[in-house]
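Participant:
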Amino acid sequence: MSKQKESVLAGFKAFLMRGNVIDLAVAVVIGAAFTNIVNSVVKGIISPLVGAVGTKSLDGYSSCLKDTCGINAKGEPTGVNILWGSVLNATLTFVITAAVVYFLMVLPMAKYLARQEQRRKAREGVQETMEITELEVLKEIRDTLVAQRVHAGPANGHGYGQGQGQGRDGAF
């Protein structure tokens, strides 16, 4: 195999192994499965509700533009039939599908993610408070030690010029 073919195959493999491609494939599969659920909701619940108000199927609504719409003696259609009921049915199905997806999936997920973000920020706030508190305690300890050293004065045997751990020449 030539180097060019190997690099193309390596590039293709890298493309397939990226997370975005896998996520997209999973989304398509789940979307296809979810389509059946949405279609069942539309057919089993929404369409009968629409049928209670109007007709059971919007697909039957049409308008004839030219001549009389129908079928002649030869079995050929006559006239120009505009099937606006089918378009209206598809539009309603889309709107209902979008509403079902939004209210049953997007909105609850957005609320869940917002709660998770609030909890994360609350945890960070507590951690930051703890860090600030620890810093304050360390500063107080330092200030107390400095105050004790100043009050002890030269009686501790080191004098002011020499700190703990320093030799006679002032070096560590």
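In the working numbering, the protein residues as written are -16 to 155. Backbone N, C-alpha and C define an ideal beta-carbon position, used for all residues, glycine too. Values in this document were obtained by computation on a predicted structure and should not be read as measured data.
Going by beta-carbon coordinates alone, are valine 4 and threonine 80 separated by less than 9 angstroms?
Facilitator: Sequence index remark: in the sequence shown, residue 4 carries index 21 (1-based). Sequence index remark: in the sequence shown, residue 80 carries index 97 (1-based). No, the Cβ-Cβ distance between valine 4 and threonine 80 is not below 9 angstroms.
Participant: From what residue to what residue does the alpha helix (DSSP H) around valine 83 run?
Facilitator: Residue 83 sits at position 100 when you count from the first residue of the sequence shown. Element bounds for valine 83: 67 to 84.
Participant: What is the rounded straight-line gap between the Cα of leucine 66 and the Cα of serine 46?
Facilitator: Along the sequence shown, read from residue 1 onward, the residue named residue 66 stands at position 83. Along the sequence shown, read from residue 1 onward, the residue named residue 46 stands at position 63. Their backbone Cα atoms lie some 7 angstroms apart in a straight line.
Participant: Taking all protein chains shown into account, decide if arginine 151 is buried (16 or more other Cβ within 10 angstroms of its Cβ) or exposed.
Facilitator: Stepping through the sequence shown from its first residue, residue 151 is reached at position 168. Residue confidence for arginine 151 is low, a pLDDT of 47 falling below 50, so the modelled location carries little weight and cannot support an answer.
Participant: Who are the Cβ neighbours of valine 9 in its own chain at under 6 angstroms, not counting the five residues just before and after it?
Facilitator: By one-based count along the sequence shown, residue 9 stands at place 26. Hits under 6 angstroms: none found.
Participant: Under 8 angstroms by Cβ, that's how I've got serine 69 and aspartate 42 pegged, so tell me the actual separation to the nearest angstrom.
Facilitator: Counting from one through the sequence shown, the residue named residue 69 turns up at place 86. Counting from one through the sequence shown, the residue named residue 42 turns up at place 59. About 5 angstroms; that satisfies the 8 angstroms criterion.
Participant: According to DSSP, which residues form a beta bridge with asparagine 64?
Facilitator: As a first step, residue 64 is located in the sequence shown; it is residue number 81 there, counting from the start. Partner(s): Cys47.
Participant: Indicate the three-state DSSP secondary structure (helix, strand or coil) for glycine 144 in the structure shown.
Facilitator: Against the sequence shown, residue 144 aligns to sequence position 161. In this prediction, glycine 144 has a pLDDT of 49, which is less than 50 and means its spatial position is unreliable; nothing more can be read from the coordinates.
Participant: Would leucine 71 and tyrosine 44 qualify as a contact pair, given that the criterion is a beta-carbon distance under 9 angstroms?
Facilitator: Position 88 of the sequence shown holds residue 71. Position 61 of the sequence shown holds residue 44. Their beta carbons are under 9 angstroms apart, which means leucine 71 touches tyrosine 44 by this criterion.
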